[in-house]
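**Student:**
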Amino acid sequence: MTLWGGRFGEPSDADLRRLNDSIGFDRALYAEDIAGSIAYAEALVPAGLLTADEASAIVAGLRQVLAEFDSDSFALMPGDEDIHTAVERRLIELVGAVGGKLHTGRSRNDQVATDFRLWAMRAADRLTSDLRGLQTALVAAAEQHVDCIMPGYTHMQPAQPITAAHWLLSFFWMLARDIDRLASARSRMAACPLGAGALAGTPLSIDRHALAVSLGFQSPSENSLDAVSDRDFVADLLYVCALCAAHLSRLAEDILIYSNPAFAFIILDDRYSTGSSLMPQKRNADPMELMRGKTGRLIGNLSGFLATLKSLPSGYNKDLQEDKEALFDSLGALASLLPVMSAAIRSLQIKPEAMAAALTEDLLATDLADYLVGKGLPFRQAHHAVGAVVRRAGALSLPLSALPLAELQAINPAFDADVAEVFDFARSVAQRRAFGGSAPAAVREQIAHAKQRMAGPEE
Ligand code: ARG
-15 MTLWGGRFGE PSDADLRRLN DSIGFDRALY AEDIAGSIAY AEALVPAGLL
35 TADEASAIVA GLRQVLAEFD SDSFALMPGD EDIHTAVERR LIELVGAVGG
85 KLHTGRSRND QVATDFRLWA MRAADRLTSD LRGLQTALVA AAEQHVDCIM
135 PGYTHMQPAQ PITAAHWLLS FFWMLARDID RLASARSRMA ACPLGAGALA
185 GTPLSIDRHA LAVSLGFQSP SENSLDAVSD RDFVADLLYV CALCAAHLSR
235 LAEDILIYSN PAFAFIILDD RYSTGSSLMP QKRNADPMEL MRGKTGRLIG
285 NLSGFLATLK SLPSGYNKDL QEDKEALFDS LGALASLLPV MSAAIRSLQI
335 KPEAMAAALT EDLLATDLAD YLVGKGLPFR QAHHAVGAVV RRAGALSLPL
385 SALPLAELQA INPAFDADVA EVFDFARSVA QRRAFGGSAP AAVREQIAHA
435 KQRMAGPEE
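Last residue of the sequence shown? That's 443 in the numbering used here, and every number before it is there in order.
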């Protein structure tokens, strides 16, 4: 039996029911739906709609429905269109006609918006905790590699030496921003639609402030018409998920490149690597490819749902039922990706010797220009002179440090014997010690800030 059958002379068509029914996926909201109903039943007592005894009977019935879902013994019936219908149907079976009073003044429009916000707040908290897990793994790995020097790249071309810790920590800060974004999205989520009714508000004297707080919201929503159709919180969360996946995909891509034998900077543990059914030697980083691959889907969920929201007229529209699968999918993907990425980082072997072997002197060209600046040349002239040095060394097939002083001085007389000191990767890195730089000293400070950030009250 539907919740709305009274007006109709004929039952709805079976194909329509299959299209319209959402129980297949919104069943996941059962705990939130029941929590919302318990709070609502309690709010109906001071409003004079339920006696205390009626409310207790309803609450007891709802707790039993919850137990049935929790133990997987809830029996769905053909008319259970969505989670709200299913819970109410079962409640009335358990407690009798009094259960039919629960929905007084309430609509599934304010109900589903409340349920889904509650669900989304919990999901945001779980995602925050998974992100912190990966941050912890990154900081731990960074702490082990503060003095480990590797080539840094721009345009995927060798650029300047950096420390491996600095590379790892760059991802820590991406995730820190994701966590900030989640906290900000969560604060907007925390407005409670319950009591908005179908669109116009409730005629009952319900204390919506108390109701909101009893469910763990910050406040009631300000406008009932907005409350039933606002799905900004879904879009917010889909965006955070998509961006977070984009960050994971970038870390994954670095791991794919650096673990390639042509680089051999890192080794992904056996437990997070896969083999080939044909080529016995293969060692593939499939999980990293899945990080990259799933990111496409998460971006699709965001753009698809924004398209759903576009041009919707005021009030609740059934289009909004599309909100759930998208968000379940994005959060589900991150819930499977993040623990794997954290474990992969915890078990990642970093190979300082391979990184050192890949350090070529062209990575010090900027330091050579800085050297000339130290001798009084404007940077633009110094840059030009070092460009000529690099070209000359290339023509002679010599590393920069092997170019005779006379050759250097022929390019620019400011070169002197002390130029030899420039050809030192550790010195180059150590000079980048200003705040936020890759020098071991700056990185130690960065690690301290990262740890403060993880312990901080705002997260
Ligand atoms: N299953 C619906 C959804 O997810 C619940 C709200 C239905 N409201 C309505 N008036 N049909 O959006």
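Even for Gly, the Cβ is constructed at its ideal location relative to N, Cα and C.
From a predicted model like this one, the values you see are computed outputs, not experimental measurements.
Could you tell me the distance, in whole angstroms, from the CA atom of Gln430 to the CA atom of Gly440?
**Tutor:** Taking the straight line from one Cα to the other gives about 15 Å.
**Student:** Between Tyr242 and Glu337, what straight-line distance do the alpha-carbon atoms span, to the nearest angstrom?
**Tutor:** Cα to Cα, the separation comes out at about 13 Å.
**Student:** State the Cα-Cα distance for the pair Gly45 and Gly179, rounded to the nearest angstrom.
**Tutor:** Approximately 22 Å between the Cα atoms of the pair.
**Student:** Just reading off the alpha helix (DSSP H) that Met158 is part of, what are its end residues?
**Tutor:** It spans 148 to 173 - the alpha helix (DSSP H) in which Met158 sits, taken as one unbroken run.
**Student:** So, for Glu391: in the same chain, excluding its five sequence neighbours on each side, which residues have a beta-carbon less than 7 Å away from its beta-carbon?
**Tutor:** Arg376, listed in sequence order.
**Student:** Would you say the beta carbon of Arg92 comes nearer than 7 Å to a heavy atom of the ligand ARG?
**Tutor:** Under cutoff, so the answer is yes.
**Student:** Do you know offhand how far Ile18's Cα is from Pro323's?
**Tutor:** Approximately 30 Å between the Cα atoms of the pair.
**Student:** Mark Thr98 as exposed unless 16 or more other C-beta atoms lie within 10 angstroms of its C-beta, in which case mark it buried.
**Tutor:** Thr98 should be labelled buried.
**Student:** Output the boundary residues of the alpha helix (DSSP H) element that contains Met263.
**Tutor:** Run containing Met263: none; DSSP gives neither H nor E here.
**Student:** Is the beta carbon of Val71 within less than 7 Å of some heavy atom of the ligand ARG?
**Tutor:** Result no, Cβ not under 7 Å from the ligand ARG.
**Student:** Label Asn285 either buried or exposed according to how many other C-beta atoms from any shown protein chain fall within 10 Å of its C-beta, with 16 as the threshold for buried.
**Tutor:** With 16 or more other Cβ atoms within 10 Å, it is buried.
**Student:** Just to confirm, are Leu290 and Cys225 a CB contact at a threshold of 8 Å?
**Tutor:** Contact: no.
**Student:** Looking only at its own chain, which residues have a Cβ that is under 8 Å from the Cβ of Lys435, when we skip the five neighbours before and after it?
**Tutor:** Around Lys435: Val123.
**Student:** For the candidate residues Ala319, Ile334, Glu405, whose alpha-carbon lies nearest to that of Leu356?
**Tutor:** Comparing Cα-Cα distances from Leu356 to each of Ala319, Ile334, Glu405, the minimum goes to Glu405.
**Student:** Count the other CB atoms within 10 Å of the CB of Trp(-12); is the residue buried (16 or more) or exposed (fewer)?
**Tutor:** Classification of Trp(-12): exposed, given that the 10 Å Cβ count is below 16.
**Student:** Which residue comes first and which comes last in the alpha helix (DSSP H) that contains Pro336?
**Tutor:** That run of the alpha helix (DSSP H) goes 336 to 341.
**Student:** Just the Cα atoms here: how many angstroms apart are Phe217 and Arg172?
**Tutor:** When rounded, the distance between both Cα atoms is 7 Å.
**Student:** Could you tell me the distance, in whole angstroms, from the CA atom of Ala340 to the CA atom of Met263?
**Tutor:** One C-alpha to the other measures close to 30 Å.
**Student:** With DSSP collapsed to three states, give me the class of Gly(-11).
**Tutor:** Three-state DSSP puts Gly(-11) in a helix.
**Student:** Using a Cβ-Cβ cut-off of 6 Å (strictly less than) and excluding sequence neighbours within five positions of Thr258, which residues of its own chain qualify?
**Tutor:** The answer, listed in chain order, is Asn268, Asp270.
**Student:** Going by the CB atoms, is the gap between Leu352 and Leu384 shorter than 8 Å?
**Tutor:** Yes.
**Student:** Please report the distance separating the alpha-carbon of Gln415 from that of Asp408.
**Tutor:** Approximately 11 Å between the Cα atoms of the pair.
**Student:** What separation, rounded to the nearest whole angstrom, lies between the Cα atoms of Ile250 and Ala328?
**Tutor:** In a straight line, the C-alpha of Ile250 is about 11 Å away from that of Ala328.
**Student:** For the pair the stretch 188 to 197 and the stretch 129 to 149, tell me if three or more CB-CB distances fall below 8 Å.
**Tutor:** Too few Cβ pairs lie closer than 8 Å, so no.
**Student:** From the DSSP secondary-structure annotation, give me the bridge partner or partners of Met134.
**Tutor:** Ile146.
**Student:** Could you tell me whether any non-hydrogen atom of the ligand ARG is closer than 7 Å to the CB of His68?
**Tutor:** Checking every heavy atom of the ligand ARG against the Cβ of His68, one is found closer than 7 Å.
**Student:** Is the beta carbon of Leu28 less than 8 Å from the beta carbon of Thr88?
**Tutor:** Taking 8 Å as the Cβ cut-off, Leu28 and Thr88 qualify as a contacting pair.
**Student:** Where does Leu81 land, buried or exposed, given buried means 16+ other C-beta within 10 angstroms?
**Tutor:** Leu is not the amino acid found at residue 81; the sequence shown has Ala there. Exposed, by the Cβ-count rule.
**Student:** Measure the C-alpha to C-alpha separation of Ala118 and Ile239 and round it to an integer number of angstroms.
**Tutor:** Here residue 118 turns out to be Leu, not Ala, going by the sequence shown. Cα to Cα, the separation comes out at about 15 Å.
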